[in-house]
Amino acid sequence: MEKYFQMLSVCLFVMLCSEMSARAENDWYYPLEIQAGLSGTFGEFRGNRLHTGIDFRTNMQTGYKVYAVDSGKIVRLSVKKSGFGNAVYIQHPNGLMSVYAHLDRFVEEGLGLRSLVAQARKKRRTRYPGNIFLEKSVKKGQLIAYSGESGSGLPHLHWEVRQGGDAPIDPFEHGFRYQDDTPPTIEAVLIEPLGPKSTLEGQHGLREYPMEKENGMYTIRHVPRVCGKVRFTVSVYDQVGAQNKCGVARISLRIDGKDFFDNQFDRVTYDSNHRGGLVYDYNFTRLGNPVQYYYRLYTISAQHFPYRGVFAEHGGVWETSGLEEGLHTLNLDVRDAMGNLSSARMQLSVEKEHSPRPPQPAGAQEQRAHFELREFPGFLEFVFAPAEALQSAPGVTISHKHRVIKRIEMEPGGENSFAAVYALQEADAGILTIELTAVTQRGQALRESRKFPVQAISAKRGGTVTYGQEAEMSFPAGALYEDIFANIWPATAYHVTKGLPVIGDVYDFRPAGEPLEKRGSISIQYPESSKNIQELGIYWWDRLKQRWYYMDDKRQENRHSLTATIIYPSYYGILRDTIRPTISDLKPEAGSVTKALGFTLSAVIRDTGKGVDTDTLMMLLDDKPLAAEYDPDRHTLSYFLTQRLASGKHTLRIEASDKAGHPAKSQSSRFTVH
1 MEKYFQMLSV CLFVMLCSEM SARAENDWYY PLEIQAGLSG TFGEFRGNRL
51 HTGIDFRTNM QTGYKVYAVD SGKIVRLSVK KSGFGNAVYI QHPNGLMSVY
101 AHLDRFVEEG LGLRSLVAQA RKKRRTRYPG NIFLEKSVKK GQLIAYSGES
151 GSGLPHLHWE VRQGGDAPID PFEHGFRYQD DTPPTIEAVL IEPLGPKSTL
201 EGQHGLREYP MEKENGMYTI RHVPRVCGKV RFTVSVYDQV GAQNKCGVAR
251 ISLRIDGKDF FDNQFDRVTY DSNHRGGLVY DYNFTRLGNP VQYYYRLYTI
301 SAQHFPYRGV FAEHGGVWET SGLEEGLHTL NLDVRDAMGN LSSARMQLSV
351 EKEHSPRPPQ PAGAQEQRAH FELREFPGFL EFVFAPAEAL QSAPGVTISH
401 KHRVIKRIEM EPGGENSFAA VYALQEADAG ILTIELTAVT QRGQALRESR
451 KFPVQAISAK RGGTVTYGQE AEMSFPAGAL YEDIFANIWP ATAYHVTKGL
501 PVIGDVYDFR PAGEPLEKRG SISIQYPESS KNIQELGIYW WDRLKQRWYY
551 MDDKRQENRH SLTATIIYPS YYGILRDTIR PTISDLKPEA GSVTKALGFT
601 LSAVIRDTGK GVDTDTLMML LDDKPLAAEY DPDRHTLSYF LTQRLASGKH
651 TLRIEASDKA GHPAKSQSSR FTVH
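See the structure below:
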């Protein structure tokens with residue numbers, strides 16, 4: 001047994017030394033011919049996943065030289081229509097692998113890579129033969145390919161470094177450098193009270209506080225008042241030699257001088273790469289228009305957190321009940337990949353007493369009593385604004401299955417209003433009846449009643465939440481990271497897009513932004529009388545961008561409903577796509593004169609709604625179909641002409657339909673070959 005532990009210690013020592021050696025000795029050759037800045041860094045938000053490499057800008061151009069960052073062997077080429085597109089994989093002697101993606105073409109000279117691709121295409125009878133395995137030695141700085149825009153995205157070079165072949169790591173942590181002396185920008189901090197006994201400014205909702213920079217230090221002007229448990233989210237970004245907003249490399253939080261949270265975006269695995277929602281808040285983070293990254297400074301599920309180096313005291317939840325009243329200091333440090341530091345300092349005032357000060361309920365300004373029920377994660381808040389003075393504080397009675405389970409005396413909660421809270425229990429599943437009673441000073445008895453559905457979903461078991469027969473949300477076992485109370489409500493906070501009418505109600509699926517380990521699903525009914533069902537689809541309403549995004553249109557004919565998978569609850573509804581796709585910008589242009597060989601035939605095809613149906617796209621030259629390809633990023637159908645055209649007149653015709661079944665108006669271009 002002693003020998004075993006000795007051998008184990010030696011192995012661990014060797015592994016540690018190997019990793020330290022890789023960190024210390026890597027002197028990467030810059031992988032691209034130009035230095036135009038970075039458009040993406042390691043660990044950035046990418047929807048439901050994390051970015052596993054670095055994106056180099058190519059100024060929207062293709063064809064720049066791509067070099068091997070170190071000596072090694074090319075062990076794989078990948079030629080795919082989507083994803084990485086054309087990619088090169090190089091295994092290095094130190095155990096690391098470098099990956100170069102979205103390439104335009106491979107190098108033939110000295111390596112014969114294009115010949116290997118041609119052979120694979122011929123053998124597999126496809127333009128996209130997928131993975132091609134080989135062993136070709138390359139030297140550091142050797143030309144291996146040219147940058148492009150193959151696969152997904154516009155022109156750029158995606159470069160990765162992997163450890164063990166399947167664990168992407170931050171190249172900046174392993175010797176890569178980029179000239180950058182611009183520190184990150186800290187935009188705002190979100191503070192969120194947790195539970196019925198916690199408040200922020202006397203209220204239960206989260207608030208965002210914008211940061212201002214003074215004398216090199218970020219701060220917030222206001223001193224928020226907190227009581228109970230709170231947690232923090234911060235909005236930050238970095239710029240690396242360009243205007244693109246990128247993610248940061250490390251975030252640390254200290255409270256009253258003690259370490260409270262620290263996360264370094266150093267390494268992920270493909271088994272954990274889908275857990276972006278544990279790092280970023282889905283409700284506020286977006287990739288474009290606007291680009292904003294909201295980092296959680298807490299762990300929803302520490303054992304699932306995708307980065308190995310996270311530290312979060314008490315899971316990142318600050319419990320203030322045992323602290324002294326008064327001012328407490330928070331220090332935030334944000335570093336980019338090159339170590340540039342930005343810091344923020346803010347003060348919070350801790351209150352011992354829970355003094356609810358809810359905002360005035362809607363309609364409270366009117367001269368009539370108003371009773372409002374508000375839903376928060378795990379509890380309910382009741383707010384009552386009477387129209388006249390009361391003899392005593394109003395009361396709330398909560399019943400479940402015709403049995404009274406709780407009586408609460410409401411507390412004064414602000415100007416002419418009262419408030420009370422109730423913590424939900426799993427045993428409350430079903431319908432709660434909430435009844436408010438009060439007596440005015442004139443002796444008039446007031447009574448109002450509300451119904452509230454309680455639908456508890458277990459993280460371990462999963463479950464389904466419904467809104468009558470109209471809408472449904474389901475989570476498979478193990479999909480959630482925590483037990484939740486879920487609900488579905490008809491929503492009104494959205495806009496209607498011309499040509500995309502809403503069918504029935506739009507629904508607010510709650511809790512909004514809840515991250516998932518496995519995808520959930522939603523189902524929404526459409527009227528039985530609906531015609532042209534192909535025009536219908538489930539859409540997501542992005543409240544930040546104020547626009548609709550098509551999700552899916554899987555049908556459940558027997559229930560007259562559509563279903564879609566989701567990565568988090570939000571606003572979803574059924575819309576009808578009534579808009580035809582458009583075809584424009586044919587090249588060669590009508591009436592133009594062109595050469596007989598070596599040019600590209602193309603057309604722009606766009607659709608608002610469900611999107612272009614690529615199976616319907618047709619490019620015909622003199623009534624003969626061509627094997628043209630559609631680039632969804634550029635909305636362009638194109639074909640590179642390799643056969644000589646006869647002199648004279650020729651006709652290019654484009655046909656297309658969308659996923660709603662609408663054909664576009666066919667477009668033609670008659671041009672001349674000289």
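Start counting the sequence shown at 1; every next residue gets the next number (the UniProt record's numbering).
Every residue gets a Cβ at the ideal spot worked out from N, C-alpha and C, and that includes glycine.
All of these numbers come straight from a predicted model, not from anything done at the bench.
**Item:** Buried versus exposed call for residue 428 [16 or more other C-beta atoms within 10 Å across all chains shown]
**Value:** Residue numbering aside, residue 428 sits at position 428 when the sequence shown is read from its first letter. Buried, because 16 or more other Cβ atoms sit within 10 Å of the Cβ of residue 428.
**Message:** Just list the residues that DSSP pairs residue 347 with in beta bridges.
**Reply:** The residue you call residue 347 lines up with position 347 of the sequence shown. BP columns for residue 347 point to 329.
**Asked** Since residue 465 and residue 486 are thought to touch, with beta carbons under 8 Å apart, how far apart are those beta carbons, to the nearest angstrom?
**Response** Counting from one through the sequence shown, the residue named residue 465 turns up at place 465. Counting from one through the sequence shown, the residue named residue 486 turns up at place 486. About 4 Å separates the two Cβ atoms, so the contact holds.
**Local Cβ density within 10 Å of residue 407, reported as buried at 16 or more and exposed below that** = Taking the first residue of the sequence shown as 1, we reach residue 407 at position 407. That one is exposed.
**Contained beta strand (DSSP E) runs [length at least 3] in the UniProt domain "M23ase beta-sheet core" (50–110), N- to C-terminal order** = Qualifying beta strand (DSSP E) stretches, in chain order: 54–57, 65–67, 72–79, 86–91, 96–106.
**Prompt:** Nearest to residue 594 by CA position, among 669, 619, 398, 623, is which residue?
**Reply:** Here residue 594 refers to the residue found at position 594 of the sequence shown. Considering only alpha carbons, the answer is 669.
**Message:** Tell me which residue opens and which closes the beta strand (DSSP E) that residue 297 is part of.
**Reply:** Reading the sequence shown from its first residue, position 297 is the one you call residue 297. From DSSP, residue 297 is part of no beta strand (DSSP E); its letter is neither H nor E.
**Message:** With distance defined between alpha-carbon atoms, name the residue in 578, 381, 606 nearest to residue 585.
**Reply:** As a first step, residue 585 must be located in the sequence shown, where it is residue number 585. Checked all of 578, 381, 606; the closest Cα to residue 585 is 606.
**Prompt:** Could you give the distance in angstroms between the alpha-carbon of residue 175 and the alpha-carbon of residue 286?
**Reply:** On the sequence shown, residue 175 is found 175 positions in, with the first residue counted as 1. On the sequence shown, residue 286 is found 286 positions in, with the first residue counted as 1. If I take the Cα positions, the gap works out to 30 Å.
**Prompt:** Hey, how far is the Cα of residue 99 from the Cα of residue 159?
**Reply:** As a working mapping, residue 99 is identified with position 99 in the sequence shown. As a working mapping, residue 159 is identified with position 159 in the sequence shown. Residue 99 and residue 159 have their alpha carbons spaced roughly 5 Å apart.
**Prompt:** Of the residues 528, 578, 546, 566, which one's Cα is nearest the Cα of residue 558?
**Reply:** If you number the sequence shown from 1, residue 558 lands on position 558. Answer by Cα proximity: 528.
**Request:** Report yes if the CB atom of residue 237 is closer than 8 Å to the CB atom of residue 171, and no otherwise.
**Result:** Counting from 1 along the sequence shown, the entry for residue 237 is found at position 237. Counting from 1 along the sequence shown, the entry for residue 171 is found at position 171. The Cβ atoms of residue 237 and residue 171 lie no closer than 8 Å to each other.
**Prompt:** What's the gap between the Cα of residue 508 and the Cα of residue 178?
**Reply:** Within the sequence shown, the letter at position 508 stands for residue 508. Within the sequence shown, the letter at position 178 stands for residue 178. Their backbone Cα atoms lie some 44 Å apart in a straight line.
**Request:** For residue 223, name the three-state secondary structure that DSSP assigns.
**Result:** One-based indexing of the sequence shown puts residue 223 at position 223. Residue 223 falls in the coil class under three-state DSSP.
**Message:** I believe residue 69 touches residue 77 by the beta-carbon criterion, under 8 Å. Please report the beta-carbon distance rounded to the nearest angstrom.
**Reply:** Here the question's residue 69 lines up with position 69 in the sequence shown. Here the question's residue 77 lines up with position 77 in the sequence shown. Not really, about 17 Å apart at Cβ, beyond 8 Å.
**Prompt:** Which value, in whole angstroms, describes the spacing of the CA atoms of residue 519 and residue 564?
**Reply:** Walking along the sequence shown from the start, residue 519 turns up at place 519. Walking along the sequence shown from the start, residue 564 turns up at place 564. Approximately 10 Å between the Cα atoms of the pair.
**Message:** Using a 10 Å radius around the Cβ and a threshold of 16 neighbouring Cβ atoms, would you call residue 426 buried or exposed?
**Reply:** Taking the sequence shown and counting its residues from 1, the one referred to as residue 426 is at position 426. Exposed.
**Request:** Let me know the beta strand (DSSP E) ranges lying completely inside the region 108–140, each 3 residues or longer, listed in chain order.
**Result:** Correct list: 130–138.
**Where residue 34 falls: helix, strand or coil (DSSP)** = As a working mapping, residue 34 is identified with position 34 in the sequence shown. The answer is coil: DSSP assigns residue 34 none of H, G, I, E or B.
**Item:** Identified DSSP bridge partners for residue 169
**Value:** As a working note, residue 169 is residue 169 in the sequence shown. Residue 169 is bridged to 161, 267.
**Request:** Put residue 21 into one of helix, strand or coil per three-state DSSP.
**Result:** By 1-based counting over the sequence shown, the position of residue 21 is 21. Any reading at residue 21 must be qualified, since the residue scores a pLDDT of 41, below 50, and its modelled position is unreliable; no value is offered.
**Asked** Is there contact here, the region 34–43 with the region 241–248, by at least three beta-carbon pairs under 8 Å?
**Response** Counting C-beta pairs with one atom in each stretch, the region 34–43 and the region 241–248 have three or more that are closer than 8 Å, which means they touch.
**Item:** contact_flag[the region 409–422, the region 456–474] where n(CB pairs < 8 Å) is 3 or more
**Value:** At 8 Å Cβ cutoff, the stretches do not touch.
**Prompt:** If you draw a straight line from the C-alpha of residue 370 to the C-alpha of residue 572, how long is it?
**Reply:** Your numbering for residue 370 matches position 370 in the sequence shown. Your numbering for residue 572 matches position 572 in the sequence shown. CA-to-CA, the gap between residue 370 and residue 572 works out to about 29 Å.
**Asked** Hey, how far is the Cα of residue 404 from the Cα of residue 249?
**Response** The residue given as residue 404 occupies position 404 in the sequence shown. The residue given as residue 249 occupies position 249 in the sequence shown. Distance between the alpha carbons of residue 404 and residue 249: 53 Å.
**Message:** If you reduce the DSSP assignment to three classes, tell me which class residue 558 lands in.
**Reply:** Translated into positions along the sequence shown, residue 558 becomes position 558. Collapsing the DSSP output to three states places residue 558 in a helix.
**Prompt:** Would you say residue 459 and residue 482 are within 8 Å of each other, going by their C-beta atoms?
**Reply:** Here residue 459 refers to the residue found at position 459 when the sequence shown is read from its first residue. Here residue 482 refers to the residue found at position 482 when the sequence shown is read from its first residue. Yes; because the gap between Cβ atoms is below 8 Å, this pair is in contact.
**Asked** When you compare each of 368, 167, 67 to residue 139 by their alpha carbons, which one comes out closest?
**Response** Walking along the sequence shown from the start, residue 139 turns up at place 139. Residue 67 is the option with its Cα nearest to residue 139.
**Request:** Provide the residue span of the beta strand (DSSP E) that contains residue 504, from first to last.
**Result:** Within the sequence shown, the letter at position 504 stands for residue 504. Unbroken beta strand (DSSP E) run through residue 504: 502–510.
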